[in-house]
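Student: Protein chains in written order, with my numbering: chain A, 1 to 204; chain B, 1 to 204.
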DNA sequence: GTCTATAGGACGATAGAC
DNA sequence: GTCTATCGTCCTATAGAC
């Protein structure tokens, strides 16, 4: 097996294991076993346990940004590309986010677990999640700017509602339809959003 | 030191450590050290590591129910006491919950971390949190019944918003005023709640 | 009720052969 | 690129003295 696909395999396996155990509960032995390797074999590819975590998060970010852009029909870019985000419709972006997340509960669980673990300042992923929250809030706020009196507050509400509903869904995936519930819950939230005259469906 | 207060000390120390590390990252050695005991000394009081976790959660539940009842001016009972919950005002209960939680970030962080970890079906606290979610949703729903068209959906929204805002607050305790933001975010949510003619401020 | 001593593993990581 | 072998550290839990 060549370097690239072996690395992909390791990251995929780790993603699932972190979702089940969290980072503190993750063992290199388990990763190696599920990959059909030994522990030093895994470490050869990722350097250390912390390096493995970072690799998983970065890998997921690029993959996710691409998928989200495709889902929205954008040519390229992601949520970090803040040019002209005012022209983007927040409700549609949220719907796309939720629709995509609903299809991959494992990765969402990974984020839920790590997000809580990483509240501790000495967690290897602490600053990653701190920056991520700021980035998402800024993007949401910019999309809401000019259409509501308190864009920052709307951004916080949207993010909070999403995170909270995710937990309920993950705990009960069979009874809760994530996307359907999101639409029902978020609908009233977006009800009084003003549209701008130059509203477009994609940035740039 | 007598049995009871030694046990209290162990539970308090464990609470803080779980908040920092999660349950998988908790070590009996750390607990023993911070208590000025040895590991067997701690195990003597709680039986096992799992037993320690259960003890922490149960201890917190009783303590929290009592404090919440006091905050609302109730004579006794807690959220599990569902008699006549229709007569209770949901907004006031939520405000009391948030006000209390805002004063104890460590315990809130413990719940946030465990809540995510316990999404895995084989986690020792999995069923505890599954039951807890059901219990809280039922209570909220009952408080909203007769005052809104979709009480279950309002219950889910309230719980989701609370959990989500908690994460944002915990990640940034100095910049986010938990109670203040809750009032701002939840206000619109409760705006169209109808009051009942026999509305009282306490049950029974 | 708390201790010492220790069993019996699992952990992350390194060195060096192939 | 993956292995074997191994180091040193950490872990939960038990047995038995005081």
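Note that CB positions come from ideal geometry on N, CA and C, so glycine has one too.
#1: On a Cα-Cα basis, can you pick out the residue from 95/B, 125/B, 170/B that is closest to residue 20/B?
#2: Return helix, strand or coil for residue 2/B, following the three-state DSSP convention.
#3: Which of the three DSSP states, helix, strand or coil, is assigned to residue 194/A?
#4: Considering only residues of the same chain and omitting the five flanking positions on each side of residue 59/A, which have a CB-CB separation below 7 Å?
#5: Would a check of beta-carbon distances place residue 185/B closer than 8 Å to chain A?
#6: Quick one: which chain B residues come within Cβ less than 7 Å of residue 153/A?
#7: Per DSSP, which residues does residue 145/A bridge with? Please list them.
#8: Could you please give the first and the last residue of the uninterrupted alpha helix (DSSP H) stretch that includes residue 47/B?
#9: Measure the CB-CB distance between residue 159/B and residue 136/B and report whether it falls below 8 Å.
#10: Run the CB neighbour count on residue 101/A, radius 10 Å, all protein chains shown included, and call it buried at 16 or more, exposed below.
#11: Using three-state DSSP, classify residue 123/B as helix, strand or coil.
#12: Since residue 163/A and residue 163/B should fall inside the 8 Å C-beta cutoff, what is the C-beta to C-beta distance between them, to a whole number of angstroms?
#13: Measure the Cβ-Cβ separation of residue 71/A and residue 89/A and say whether it is below 8 Å.
#14: Determine whether the beta carbon atoms of residue 185/B and residue 161/B lie at a separation below 8 Å.
#15: State yes or no: is the C-beta of residue 32/A within less than 8 Å of the C-beta of residue 42/A?
#16: Starting from the C-beta of residue 194/A, find all residues in its chain whose C-beta is less than 6 Å away, skip the five residues before and the five after it, and write them out in chain order.
#17: Hey, is residue 144/A's beta-carbon within less than 8 Å of any beta-carbon in chain B?
#18: What do you get for residue 123/B, buried or exposed, if any count of 16 or more other CB atoms within 10 angstroms of its CB means buried?
#19: Smallest Cα separation from residue 50/B: which of 128/B, 64/B, 6/B, 63/B?
#20: Between residue 198/A and the rest of its own chain, which residues show a CB-CB distance below 6 Å, the 5 nearest in sequence each way excluded?
#21: Who are the neighbours of residue 163/B on chain A, taking C-beta pairs under 8 Å?
#22: If you draw a straight line from the alpha carbon of residue 69/B to that of residue 107/A, how long is it in whole angstroms?
#23: If the cut is a Cβ gap below 8 Å, which residues of chain A does residue 281/B touch?
#24: So residue 114/A and residue 18/A are in contact, right, with Cβ under 8 Å, and what is the actual spacing, rounded?
Tutor: If we stick to the structure as given:
#1: Residue mapping note: residue 20/B aligns to position 20 of the second chain, counting from 1. Of the residues 95/B, 125/B, 170/B, the one whose Cα lies closest to the Cα of residue 20/B is 170/B.
#2: Start at 1 with the first residue of the second chain, and residue 2/B comes out as number 2. Residue 2/B falls in the coil class under three-state DSSP.
#3: Within the first chain, residue 194/A is the residue found at index 194, counting from 1. Note: residue 194/A maps to coil in three-state DSSP.
#4: Locating residue 59/A in the first chain gives position 59, where the first residue counts as 1. The answer, listed in chain order, is 11.
#5: Here the question's residue 185/B lines up with position 185 in the second chain. Residue 185/B counts as touching chain A.
#6: On the first chain, position 153 is the one that residue 153/A refers to. Correct list: 184, 185.
#7: Here residue 145/A refers to the residue found at position 145 when the first chain is read from its first residue. Paired residues: 148/A.
#8: Indexing the second chain from 1 puts residue 47/B at position 47. Segment: none, residue 47/B is in no alpha helix (DSSP H) and carries neither H nor E.
#9: On the second chain, position 159 is the one that residue 159/B refers to. On the second chain, position 136 is the one that residue 136/B refers to. Yes, these two residues count as a Cβ contact at 8 Å.
#10: As a working note, residue 101/A is residue 101 in the first chain. It is buried - the Cβ of residue 101/A has at least 16 other Cβ atoms within 10 Å.
#11: Numbered from 1 along the second chain, position 123 holds the residue referred to as residue 123/B. Residue state, collapsed to three classes: coil.
#12: Sequence index remark: in the first chain, residue 163/A carries index 163 (1-based). Sequence index remark: in the second chain, residue 163/B carries index 163 (1-based). Going by Cβ atoms, the distance from residue 163/A to residue 163/B rounds to 7 Å, so yes, they are a contact pair.
#13: Start at 1 with the first residue of the first chain, and residue 71/A comes out as number 71. Start at 1 with the first residue of the first chain, and residue 89/A comes out as number 89. For residue 71/A and residue 89/A, no; Cβs fall outside 8 Å.
#14: The residue given as residue 185/B occupies position 185 in the second chain. The residue given as residue 161/B occupies position 161 in the second chain. Going by C-beta atoms, residue 185/B is nearer than 8 Å to residue 161/B.
#15: Here residue 32/A refers to the residue found at position 32 when the first chain is read from its first residue. Here residue 42/A refers to the residue found at position 42 when the first chain is read from its first residue. Cβ atoms of residue 32/A and residue 42/A: closer than 8 Å.
#16: Taking the first residue of the first chain as position 1, residue 194/A is located at position 194. Around residue 194/A: 147.
#17: By one-based count along the first chain, residue 144/A stands at place 144. Chain B, which has no Cβ nearer than 8 Å to the Cβ of residue 144/A, makes this no.
#18: Counting from one through the second chain, the residue named residue 123/B turns up at place 123. Label assigned to residue 123/B: buried.
#19: As a position in the second chain, residue 50/B is number 50, starting the count at 1. When only C-alpha atoms are compared, the closest one is 128/B.
#20: If you number the first chain from 1, residue 198/A lands on position 198. With a pLDDT of 48 at residue 198/A, under the threshold of 50, the modelled position of this residue cannot be trusted; read the value that follows with caution. So no residue of the chain qualifies.
#21: Your numbering for residue 163/B matches position 163 in the second chain. Chain A residues near residue 163/B: 160, 163, 164, 167.
#22: Walking along the second chain from the start, residue 69/B turns up at place 69. Walking along the first chain from the start, residue 107/A turns up at place 107. Rounded to whole angstroms, residue 69/B to residue 107/A spans 39 Å at the Cα level.
#23: The structure shown does not extend to residue 281/B, since chain B is modelled only from 1 to 204, so the question has no answer here.
#24: Numbered from its first residue, the first chain carries residue 114/A at position 114. Numbered from its first residue, the first chain carries residue 18/A at position 18. With a Cβ gap of about 7 Å, residue 114/A and residue 18/A count as contacting.
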